[in-house]
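Accompanying notes for the structure given below.
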Amino acid sequence: MSDGRYRTRMAETPADLEGAQRLRHQAFIASDRDLAPTDGRDRDAFDSACQHIMVEDRATGRLVATLRLLPLGSGAEIGRSYSAQYYELKGLAGYKKPMVEVGRFCVERDVRDPDVLRAAWGALAGVVDAKGVEMLFGCSSFQGTDEQAYADAFAMLKERHLAPKRWLPRIKAPNVFRFAQRLRRKPDPKRALRTMPPLLRSYLSLGGWVSDHAVVDRDLNTLHVFTGLEIRSIPPARARALRAVAG
0 MSDGRYRTRM AETPADLEGA QRLRHQAFIA SDRDLAPTDG RDRDAFDSAC QHIMVEDRAT
60 GRLVATLRLL PLGSGAEIGR SYSAQYYELK GLAGYKKPMV EVGRFCVERD VRDPDVLRAA
120 WGALAGVVDA KGVEMLFGCS SFQGTDEQAY ADAFAMLKER HLAPKRWLPR IKAPNVFRFA
180 QRLRRKPDPK RALRTMPPLL RSYLSLGGWV SDHAVVDRDL NTLHVFTGLE IRSIPPARAR
240 ALRAVAG
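Going by numbering that gives the first Met the number 0, the residue at position 118 of the sequence shown is 117; the numbering climbs one at a time, nothing skipped.
See below:
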């Protein structure tokens, strides 16, 4: 798919995958000196089971964003997802329709063009329509593990965006921040949005919801919340705009 300055495509070769892994390393690992040194690639056992979307600058071929997708026939397969390592997802196991786990979504650190994120979401919309997907889910990450730095963001999640009870992920990871239970403050909306990750803001603006706790992931030095989005919950005007990008 090509739109304006950027094009999106699926990774097809080992070199494509390596490029995505190196961009992920830059986004998630390279800036944190406390993490163990690596070979410059962020990779795990899920890469071989996933499809990888690449967003490139058309003029230079430079990779500016990437994400990976794990298609599931229904919630009965959710146990093999990356998220299932950290969350108890029995509620979603009964979901009867096709799902896709979206993971390792990142943008090159010095790129500030909002059209990059727009192109990535447009590519994702194309996959959703082609596969008849009814729900997207994954982990949305806050940089660092200091929950107080994101107190207003978590307070807003508690107040406005918790998952429906029938699908609410339960605690599985050993180290979590139970923000829905512990926070009593009213959020400052401006501060909440300013400190919230752009990807999570995108999910929420489309009608997404989150778990009632955040997992403390010291391997990647992040706090992350389980995030879900039913396709039918996306506002019609937003859905049309995303499909227009997808072509």
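Glycine included, each C-beta is placed from N, C-alpha and C at the ideal position.
CB-CB length for residue i against residue j, believed under 8 Å
i: glycine 227; j: alanine 162; result: 6 Å
i: tyrosine 94; j: serine 210; result: Not confirmed; about 15 Å, so no contact.
i: glycine 244; j: alanine 118; result: With the sequence shown as reference, residue 244 is identified as valine, and glycine is not the correct amino acid for it. Sure, about 7 Å apart at Cβ, within 8 Å.
i: glutamine 50; j: methionine 9; result: 6 Å
i: leucine 241; j: tryptophan 120; result: 6 Å
i: arginine 4; j: arginine 61; result: So it is not a contact: roughly 11 Å between Cβ atoms.
Reference residue i, options the options, closest by Cα
i: lysine 89; options: Pro97, Arg111, Glu11 and Gly78; result: Gly78
i: phenylalanine 178; options: Arg159, Arg193, Arg165 and Trp166; result: Arg159
i: serine 73; options: Lys130, Glu11, Asp151 and Val215; result: Lys130
i: aspartate 128; options: Lys164, Phe27 and Arg239; result: Arg239
i: tryptophan 166; options: Gln84, Asp216 and Ala92; result: Ala92
i: phenylalanine 104; options: Lys164, Gly125, Ser201 and Gln84; result: Ser201
i: glycine 125; options: Lys164, Ile52 and Val110; result: Ile52
Buried/exposed call for residue i, threshold 16 Cβ in 10 Å
i: methionine 195; result: buried
i: aspartate 38; result: exposed
i: lysine 157; result: buried
i: alanine 154; result: buried
i: serine 47; result: exposed
i: proline 173; result: exposed
i: arginine 23; result: buried
i: proline 113; result: exposed
i: aspartate 41; result: buried
Own chain, CB closer than 8 Å to residue i, minus 5 neighbours either side, in chain order
i: leucine 205; result: Leu228, Ser232, Ile233, Pro234 and Arg237
i: glycine 143; result: Asn220, Thr221 and Leu222
i: arginine 217; result: Thr144 and Asn174
Same chain, Cβ closer than 6 Å to residue i, five either side skipped, listed in chain order
i: tyrosine 81; result: Phe45 and Gly102
i: aspartate 151; result: Pro186, Asp187, Arg190 and Ala191
- May I ask you to verify whether the stretch 61-72 touches the stretch 12-32, counting CB pairs closer than 8 Å and requiring at least 3? yes
- Task: Tell me, please, whether the stretch 131-139 touches the stretch 170-186 by the rule of three or more beta-carbon pairs shorter than 8 Å.
- Result: no
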